[in-house]
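Residue numbers (my numbering), protein chains in the order written: chain Z, 1 to 172; chain P, 173 to 344.
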């Protein structure tokens, strides 16, 4: 039996800060990959393979997946995981891929999927923004009605990562 | 033959500002729906239907779709459209749904899908944040390496919409 994407109400399964009663149901990494290998970006089988491998590498459980090649260029695809989803859209003609890595619970880490994809897409540079989705008051078990919170933004390259913003925890 | 999700390089097919040579390949609405009907959120067939209808209502072309019900609660699903994708994750136990509406080109409007979903999920309140993904210099046909840009944020209710931020065009 598959677990629900929000596994249980056990606080240890949520992204709980020790000193806080506010948790977020989801972590969402919006990733921008630049200067990628265009042949890889236009190959639907490779994209499906690396996205599936990225899901597994980050600790996720693959539930369903769908990938599609567009004519003349581009691939779109989604991997539904027990912990939410990973999605990609590629523009081979610009060497660019837009990727979303949305996970719930603490059993997987979307940043691992990001690092894996940056390597496998041969991305010369990349950005990610980590957002908190679905803020909840753990004490009242009520949702906190607000837009997403920006947890962090990073630029990364093969030379390593560099912080480009320090808006950790800021609501926007 | 299906069109690519980035239809062509014709500037009129991109989100071009008349006075700008910077365009964005994608529009991404991150939507948070609160106080929804929990029975709807936990019904995989209804969620698949309303997400598919939302795609069609906003002018998108459905390519593939996958929906999954988790035990004991929750639905995850994705509709791949020619113009990118729509994704949903529901937490019926909290009356909450996290939705992503990612479109390319000007043939469809993700805000229409947002409005449709707010009604069909019986959401008492909702937020959306509209992001620009994939900024490109139209003159050089080169990608501009940066995080997403925040185009707008809105809170909406059945009583109407209210602007909660004025960060239109701001880079974050």
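C-beta: ideal position from N, C-alpha, C; glycine also. This one's a predicted model, so the numbers in the text were calculated from it and none came from an experiment.
So, is residue i buried or exposed, given that buried needs 16 or more other C-beta atoms within 10 angstroms?
i: residue 184 of chain Z; result: One cannot answer for residue 184 of chain Z here, as it falls past the ends of chain Z, which runs 1 to 172.
i: residue 21 of chain Z; result: exposed
i: residue 196 of chain P; result: buried
i: residue 301 of chain P; result: buried
i: residue 204 of chain P; result: buried
i: residue 147 of chain Z; result: buried
If residue i and residue j are in contact, beta carbons under 8 Å, what's the gap, nearest whole angstrom?
i: residue 34 of chain Z; j: residue 255 of chain P; result: The Cβ separation is near 22 Å, so there is no contact.
i: residue 86 of chain Z; j: residue 55 of chain Z; result: 6 Å
i: residue 105 of chain Z; j: residue 268 of chain P; result: Not confirmed; about 15 Å, so no contact.
i: residue 99 of chain Z; j: residue 88 of chain Z; result: 5 Å
i: residue 230 of chain P; j: residue 295 of chain P; result: Incorrect: roughly 17 Å between the Cβ atoms, too far for contact.
i: residue 131 of chain Z; j: residue 28 of chain Z; result: 4 Å
i: residue 78 of chain Z; j: residue 250 of chain P; result: 4 Å
Please report the distance separating the alpha-carbon of residue i from that of residue j.
i: residue 52 of chain Z; j: residue 110 of chain Z; result: 13 Å
i: residue 210 of chain P; j: residue 247 of chain P; result: 11 Å
i: residue 238 of chain P; j: residue 323 of chain P; result: 29 Å
i: residue 30 of chain Z; j: residue 40 of chain Z; result: 20 Å
i: residue 312 of chain P; j: residue 216 of chain P; result: 45 Å
i: residue 93 of chain Z; j: residue 308 of chain P; result: 12 Å
i: residue 292 of chain P; j: residue 221 of chain P; result: 10 Å
i: residue 244 of chain P; j: residue 214 of chain P; result: 9 Å
i: residue 118 of chain Z; j: residue 154 of chain Z; result: 13 Å
i: residue 232 of chain P; j: residue 284 of chain P; result: 11 Å
i: residue 26 of chain Z; j: residue 149 of chain Z; result: 11 Å
i: residue 280 of chain P; j: residue 108 of chain Z; result: 34 Å
i: residue 64 of chain Z; j: residue 103 of chain Z; result: 15 Å
i: residue 288 of chain P; j: residue 116 of chain Z; result: 36 Å
Considering only C-alpha positions, which residue in the set the options is nearest to residue i?
i: residue 143 of chain Z; options: P:263, P:288, P:239 and P:305; result: P:263
i: residue 219 of chain P; options: P:234, P:241 and P:204; result: P:241
i: residue 286 of chain P; options: P:321, P:236 and P:273; result: P:273
Is residue i a contact residue of the ligand ADP, with contact defined as CB to any heavy atom under 7 Å?
i: residue 74 of chain Z; result: What this structure holds is no ligand at all, so the ligand ADP is not there to describe.
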